[in-house]
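Taken in order, these protein sequences are the chains called A and B.
Here my numbering is used: position 8 in the first sequence is 40, and no number is missing along the way.
Here my numbering is used: position 91 in the second sequence is 214, and no number is missing along the way.
Note that beta-carbon positions come from the ideal geometry of N, C-alpha and C, so glycine has one too.
Here the structure is a predicted model, which is why all the values come from computation and not from measurement.
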Amino acid sequence: MTTTVTEPAKTLEKGFVGQSVPRKEDRRLVQGQGTFFDDVRRHGMGYVHFVRSPYAHAKIVSIDVSKALELDGVYGTITGDEVAIHTDPFFEMSVEPGGNIKDYALAVGRVRHMGEPVAAVAAATRELARDAAELVEVEYDPLPVITDARESESNDVILHDDAGSNVVWSGVFDWGDVDTALAEADHVVKISELHFHRF
Amino acid sequence: VTQPTSSRTISVAVNGEQIEYEVPARRLLVHFLRDDLGLTGTHIGCDTGNCGACTVHVNGEAVKSCMLLAVQADGAQVATIEGLAGDGELTALQQSFNQHHALQCGYCTPGMLMSATALLARNPHPSEDDVRYALQGNICRCTGYVNIVEAVVAAGGKA
Chain A
33 MTTTVTEPAK
43 TLEKGFVGQS
53 VPRKEDRRLV
63 QGQGTFFDDV
73 RRHGMGYVHF
83 VRSPYAHAKI
93 VSIDVSKALE
103 LDGVYGTITG
113 DEVAIHTDPF
123 FEMSVEPGGN
133 IKDYALAVGR
143 VRHMGEPVAA
153 VAAATRELAR
163 DAAELVEVEY
173 DPLPVITDAR
183 ESESNDVILH
193 DDAGSNVVWS
203 GVFDWGDVDT
213 ALAEADHVVK
223 ISELHFHRF
Chain B
124 VTQPTSSRTI
134 SVAVNGEQIE
144 YEVPARRLLV
154 HFLRDDLGLT
164 GTHIGCDTGN
174 CGACTVHVNG
184 EAVKSCMLLA
194 VQADGAQVAT
204 IEGLAGDGEL
214 TALQQSFNQH
224 HALQCGYCTP
234 GMLMSATALL
244 ARNPHPSEDD
254 VRYALQGNIC
264 RCTGYVNIVE
274 AVVAAGGKA
């Protein structure tokens with residue numbers, strides 16, 4: 033168990049900090065005039081479409097992109113295995129065992145959630161990329177799935193072999209005088225277990 | 124053998140300007156707005172109707188433009204974020220967003236503004252609950268909901 037000790041924020045002298053300062057970028061952002069990455073257009077730009085797993089947990093047996101590459105206007109394809117050759121795994125923020133996980137931009141060898149991208153197709157138009165992605169043939173070998181976080185603790189099915197456990201991080205954020213705060217509180221709400229949603 | 128129609132010419136008023144355009148029948152309204160018309164203020168967050176970043180008005184109603192084909196907008200009045208203030212003054216709601224720090228990265232902002240503008244049109248003085256209900260289809264990944272709700276309530280005068 034990791035214990036993370038945090039300190040209370042320091043009180044600062046009244047000055048620039050704590051003042052309400054109008055932001056320079058807000059006027060254009062409320063008018064839809066920001067330039068986000070998806071807003072950038074370049075001559076000869078391609079569109080990408082991802083081939084995604086229909087399974088929550090499966091071994092990827094094979095990926096055949098040959099039919100997609102035959103279409104005129106398809107620039108190229110990339111699969112998880114190719115990603116693993118050309119890139120390093122993402123930096124993991126967690127300590128061990130979660131920090132041992134090898135995680136790439138596309139699924140490598142195995143999918144661990146439904147919709148996980150296994151291959152990408154780039155083509156001249158959005159529609160063509162989508163059509164070409166339909167032609168990518170992926171063979172899966174379905175594996176047992178876990179749909180409950182508490183059940184996953186049994187480790188009957190382990191999602192990341194590199195971590196060796198489904199509990200990849202645990203810790204206690206221990207800060208402040210909790211007992212006094214509880215004693216002085218107007219209301220105390222007790223909740224046995226909180227779940228984070230994904231939004 | 125007749126081939127199915129793969130494209131069609133649509134006539135649509137976008138921010139007051141009448142436009143005729145030939146679009147592939149499969150093209151989504153959001154892609155028509157962004158790619159064909161260059162109105163990139165309407166953002167795509169999810170492509171699946173969950174996030175609300177692509178919200179526009181079709182005949183005055185807030186709709187997610189990734190959930191509508193461009194051909195379905197044939198004959199309609201479409202309003203996007205670019206048309207809210209145009210070249211003029213920011214609307215009271217846009218000013219309120221700025222004053223209440225109701226945006227951080229700004230990606231969800233156009234969708235939030237279009238949903239909230241539609242709310243204020245049918246309910247000019249919404250309560251906090253009204254605003255939360257009306258914005259439930261808009262996700263802010265900066266999680267700035269408190270200030271967004273405050274900004275809309277304030278714009279309606281029930282601050």
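Asked: Between the alpha carbons of A:Leu175 and A:His145, how many angstroms are there, rounded?; Found: 11 Å
Asked: For A:Tyr107, which option in A:Ile178, A:Val153 and A:Thr212 has the closest C-alpha, if you only look at C-alpha atoms?; Found: A:Val153
Asked: Distance check for B:Leu151 and A:Gly105, CA to CA, integer angstroms please.; Found: 21 Å
Asked: Out of A:Asn132, A:Ala217, A:Leu214 and A:Glu57, point me to the one whose CA is closest to A:Leu191's CA.; Found: A:Asn132
Asked: Rounded to whole angstroms, what is the Cα-Cα separation between A:Pro121 and A:Gly78?; Found: 25 Å
Asked: Based on the DSSP output, what are the partners of A:Val221 in its beta bridges?; Found: Note: A:Val221 sits in no beta bridge, so no partner.
Asked: So, does the CB of A:Asp104 fall closer than 8 Å to a CB anywhere in chain B?; Found: no
Asked: Assuming A:Leu214 contacts A:Val221 under a Cβ cut-off of 8 Å, what Cβ separation, rounded to an integer in Å, is found between them?; Found: Contact flag wrong, Cβ pair sits at about 11 Å.
Asked: Counting only C-beta atoms, is A:Val62 closer than 8 Å to chain B at any point?; Found: yes
Asked: Which residue spans inside the stretch 162 to 205 of chain A form an unbroken alpha helix (DSSP H) run of at least 4?; Found: 181 to 184
Asked: Within its chain, find whatever has a CB closer than 8 Å to the CB of B:Thr171; leave out the 5 residues flanking it on each side and keep chain order.; Found: Cys189
Asked: How do the stretch 155 to 167 of chain A and the stretch 194 to 205 of chain A stand: do at least 3 beta-carbon pairs fall below 8 Å, yes or no?; Found: no
Asked: Looking at C-beta atoms only, is the number of pairs between the stretch 79 to 99 of chain A and the stretch 256 to 274 of chain B that lie closer than 8 Å three or more?; Found: no
Asked: Does the structure place the stretch 191 to 199 of chain B close enough to the stretch 216 to 233 of chain B that three or more beta carbon pairs sit under 8 Å?; Found: no
Asked: Counting contacts by CB-CB distance shorter than 8 Å, is B:Leu236 in contact with chain A?; Found: yes
Asked: Report yes if the CB atom of B:Leu236 is closer than 8 Å to the CB atom of B:Ala278, and no otherwise.; Found: no
Asked: Return the first residue and the last residue of the alpha helix (DSSP H) that B:Thr165 is part of.; Found: Run containing B:Thr165: none; DSSP gives neither H nor E here.
Asked: Apply the 10 Å Cβ neighbour rule to B:Asp210 and answer buried if 16 or more other Cβ atoms are within range, or exposed otherwise.; Found: exposed
Asked: When DSSP labels each residue in this structure, what does A:Ser94 get in the three-state scheme?; Found: strand
Asked: Please list the segments of the alpha helix (DSSP H) lying wholly inside the stretch 229 to 276 of chain B, counting only runs of 4 or more residues, in order along the chain.; Found: 232 to 245 and 251 to 257
Asked: Listed from N- to C-terminal order along the chain, which residues in the stretch 213 to 240 of chain B have their beta-carbon within a distance smaller than 7 Å of any beta-carbon of chain A?; Found: Leu213, Gln217, Phe220, Asn221, Leu226, Gly229, Tyr230, Thr232, Pro233 and Leu236
Asked: Using the beta-carbon of each residue, which ones in chain A are nearer than 7 Å to B:Ile204?; Found: Gln63 and Gly64
Asked: What first and last residue would you give for the alpha helix (DSSP H) that runs through B:Ser219?; Found: Ala215 to Gln222
Asked: A:Ala161: buried (16+ other C-beta within 10 angstroms of its C-beta) or exposed?; Found: buried
Asked: Using a cut-off of 8 Å between C-beta atoms, extract the partners of B:Arg149 located in chain A.; Found: Glu159
Asked: Quick check on DSSP: helix, strand or coil for B:Val153?; Found: helix
Asked: Compare the beta carbon distance of B:Ala274 and B:Ala225 with 8 Å and say whether it is the shorter of the two.; Found: yes
Asked: Name, please, each residue of chain B whose Cβ falls closer than 8 Å to the Cβ of A:Arg59.; Found: Leu213 and Asn221
Asked: I'd like the span of the beta strand (DSSP E) that includes B:His180, first residue to last.; Found: Thr178 to Val181
Asked: Just to confirm the assignment, what range does the beta strand (DSSP E) spanning B:Val201 have?; Found: Gln200 to Ala202
Asked: Excluding five sequence neighbours on each side, which residues of the same chain lie with their C-beta closer than 7 Å to the C-beta of B:Pro247?; Found: Gly279
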